[in-house]
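J.: Shown below is the structure under consideration.
Residue numbers (the UniProt record's numbering): 1 to 279.
Following this line, the structure appears as structure tokens:
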């Protein structure tokens, strides 16, 4: 297991960053490595973002004692897990949960052992993890994509026709603060979350995937009056602080997972930015 630490930044500093600095602060490039668990601990709302590809052996979710100060990973945390690969299994304190592609599992505070396995080592599962601090236990719960609450947004005219699937939210799987879901763009559509917004009461992390090898997403970030961009490729994630917009356009359609944390779980709590105010 490896855990990288990222510290919080502020918008006044961020507007001076060059491309390399923007990427080192916000972009997570190498989450998914076969046979490994990789984690990034961000001081932005204490998010932990991770990826794990189990092959021949199960992989255990473990706490880094030095960085987390915990005996086990979920001692003071909750976690959302979405499988973006082939079928796999997550075992939580002896109870098994089979996750097909795009299924989600919420695991609450206090669970001591979490194991990841693939159904076929030659065609492994790819588990994406989002974890935030928690103050009470909510039940472990699986949500298949067929059971998630869908919302159809956008139009082909604006190149943003998409379906949002909500997994962990106020009217779905209950959590302390984690809100998590997935957005699928339809073929021929490339834009997400435009017109854009910020939400000063919470931060967000995006994972882009289902992209061709030569495909990219130009992810927009920064304050509305000081926008910047970073280029993201398949299975790369980006941290979005509360002061930053988070939007993007791809060279083709794609899928992305969004996870939010902060003091407010209301999905609609956002500060919209008028198109004429973007600079």
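Just so it is clear, CB atoms sit at the ideal spot from N, CA and C, and this is done for glycine as well. These numbers come from a predicted model, not from an experiment.
Does the count of Cβ pairs from the region 123-132 and the region 191-198 closer than 8 Å reach three?
T.: Because the criterion of three Cβ pairs below 8 Å is not met, the region 123-132 and the region 191-198 do not touch.
J.: Identify every run of the beta strand (DSSP E) within the region 112-186, keeping only runs that are complete inside it and at least 3 residues long; order them along the chain.
T.: For the region 112-186, whole beta strand (DSSP E) runs of length 3 or above, ordered along the chain, are 114-118, 127-133, 141-143, 149-153, 162-168 and 179-185.
J.: Check whether the Cβ atoms of residue 78 and residue 175 sit closer than 8 Å, and answer yes or no.
T.: In the chain shown, the residue the question calls residue 78 occupies position 78. In the chain shown, the residue the question calls residue 175 occupies position 175. Yes, Cβ-Cβ distance for residue 78 and residue 175 is below 8 Å.
J.: Flag this pair as yes or no: are the beta carbons of residue 140 and residue 258 separated by less than 8 Å?
T.: Working through the chain shown from its first residue, we reach residue 140 at position 140. Working through the chain shown from its first residue, we reach residue 258 at position 258. No, the Cβ-Cβ distance between residue 140 and residue 258 is not below 8 Å.
J.: Pop quiz: residue 241 and residue 20 are said to be a contact at Cβ under 8 Å. What is the actual Cβ separation, rounded to whole angstroms?
T.: As a first step, residue 241 is located in the chain shown; it is residue number 241 there, counting from the start. As a first step, residue 20 is located in the chain shown; it is residue number 20 there, counting from the start. In fact, because the Cβ distance is near 19 Å, the residues do not count as touching under 8 Å.
J.: How would you label residue 276, buried or exposed, when you count the other beta carbons within 10 angstroms and need 16 or more for buried?
T.: Translated into positions along the chain shown, residue 276 becomes position 276. By the neighbour-count rule (16 or more Cβ atoms within 10 Å), residue 276 is not buried but exposed.
J.: Taking buried to mean at least 16 other C-beta atoms within 10 Å of its own C-beta, is residue 118 buried or exposed?
T.: Taking the first residue of the chain shown as 1, we reach residue 118 at position 118. With 16 or more other Cβ atoms within 10 Å, it is buried.
J.: So does the region 64-77 actually touch the region 93-101, counting three or more Cβ pairs closer than 8 Å?
T.: Because the criterion of three Cβ pairs below 8 Å is not met, the region 64-77 and the region 93-101 do not touch.
J.: Between the C-alpha atoms of residue 41 and residue 4, what's the straight-line distance to the nearest angstrom?
T.: The count along the chain shown starts at 1 and reaches residue 41 at position 41. The count along the chain shown starts at 1 and reaches residue 4 at position 4. Roughly 6 Å between the two C-alpha positions.
J.: If the criterion is Cβ atoms closer than 8 Å, does the pair residue 154 and residue 169 meet it?
T.: As a working mapping, residue 154 is identified with position 154 in the chain shown. As a working mapping, residue 169 is identified with position 169 in the chain shown. Cβ atoms of residue 154 and residue 169: not closer than 8 Å.
J.: Assuming residue 114 and residue 90 form a contact by the criterion Cβ under 8 Å, report the distance between their Cβ atoms to the nearest whole angstrom.
T.: The sequence position of residue 114 within the chain shown is 114, counting from 1. The sequence position of residue 90 within the chain shown is 90, counting from 1. Yes, residue 114 and residue 90 are in contact; Cβ-Cβ is about 7 Å, under 8 Å.
J.: Please state the DSSP three-state secondary structure of residue 271.
T.: The residue given as residue 271 occupies position 271 in the chain shown. Residue state, collapsed to three classes: strand.
J.: Kindly indicate the opening and closing residues of the beta strand (DSSP E) around residue 23.
T.: Here the question's residue 23 lines up with position 23 in the chain shown. Here residue 23 belongs to no beta strand (DSSP E); instead the alpha helix (DSSP H) covers 19-26.
J.: With 16 other CB atoms within 10 Å as the buried threshold, where does residue 122 fall?
T.: Start at 1 with the first residue of the chain shown, and residue 122 comes out as number 122. Exposed.
J.: Which whole runs of the alpha helix (DSSP H) in the region 58-102 are 4 residues long or more, in chain order?
T.: Counting whole runs of 4 or more residues, the region 58-102 contains the alpha helix (DSSP H) stretches 65-68.
J.: Among the candidates 48, 16 and 279, whose CA atom is the shortest distance from the CA of residue 206?
T.: Your numbering for residue 206 matches position 206 in the chain shown. Checked all of 48, 16 and 279; the closest Cα to residue 206 is 48.
J.: For residue 252, I'd like the list of residues in its chain whose CB is within less than 6 Å of its CB, leaving aside the five on either flank, ordered along the chain.
T.: Counting from 1 along the chain shown, the entry for residue 252 is found at position 252. Within the same chain, residue 252 has close Cβ partners 215.
J.: Whose CA, out of 39, 57, 86 and 52, lies closest to the CA of residue 67?
T.: The sequence position of residue 67 within the chain shown is 67, counting from 1. The shortest Cα separation from residue 67 among 39, 57, 86 and 52 belongs to 39.
J.: CB residue 132 to CB residue 177, shorter than 8 Å?
T.: Residue numbering aside, residue 132 sits at position 132 when the chain shown is read from its first letter. Residue numbering aside, residue 177 sits at position 177 when the chain shown is read from its first letter. Their beta carbons are under 8 Å apart, which means residue 132 touches residue 177 by this criterion.
J.: With DSSP as the reference, please indicate the residues paired to residue 239 in a beta bridge.
T.: As a working note, residue 239 is residue 239 in the chain shown. Paired residue(s): 205.
J.: Please name the residue in 46, 62, 87 and 30 whose C-alpha comes closest to that of residue 55.
T.: In the chain shown, counting from the first residue as 1, residue 55 sits at position 55. When each option's Cα is compared against that of residue 55, the closest is 87.
J.: From residue 134 to residue 80, what distance separates their C-alpha atoms?
T.: For the purposes of this step, residue 134 is identified with residue 134 of the chain shown, where counting begins at 1. For the purposes of this step, residue 80 is identified with residue 80 of the chain shown, where counting begins at 1. Answer to the nearest angstrom: the Cα atoms are 12 Å apart.
J.: Please report how far the alpha carbon of residue 124 lies from the alpha carbon of residue 249, in whole angstroms.
T.: Start at 1 with the first residue of the chain shown, and residue 124 comes out as number 124. Start at 1 with the first residue of the chain shown, and residue 249 comes out as number 249. Cα to Cα, residue 124 sits roughly 29 Å from residue 249.
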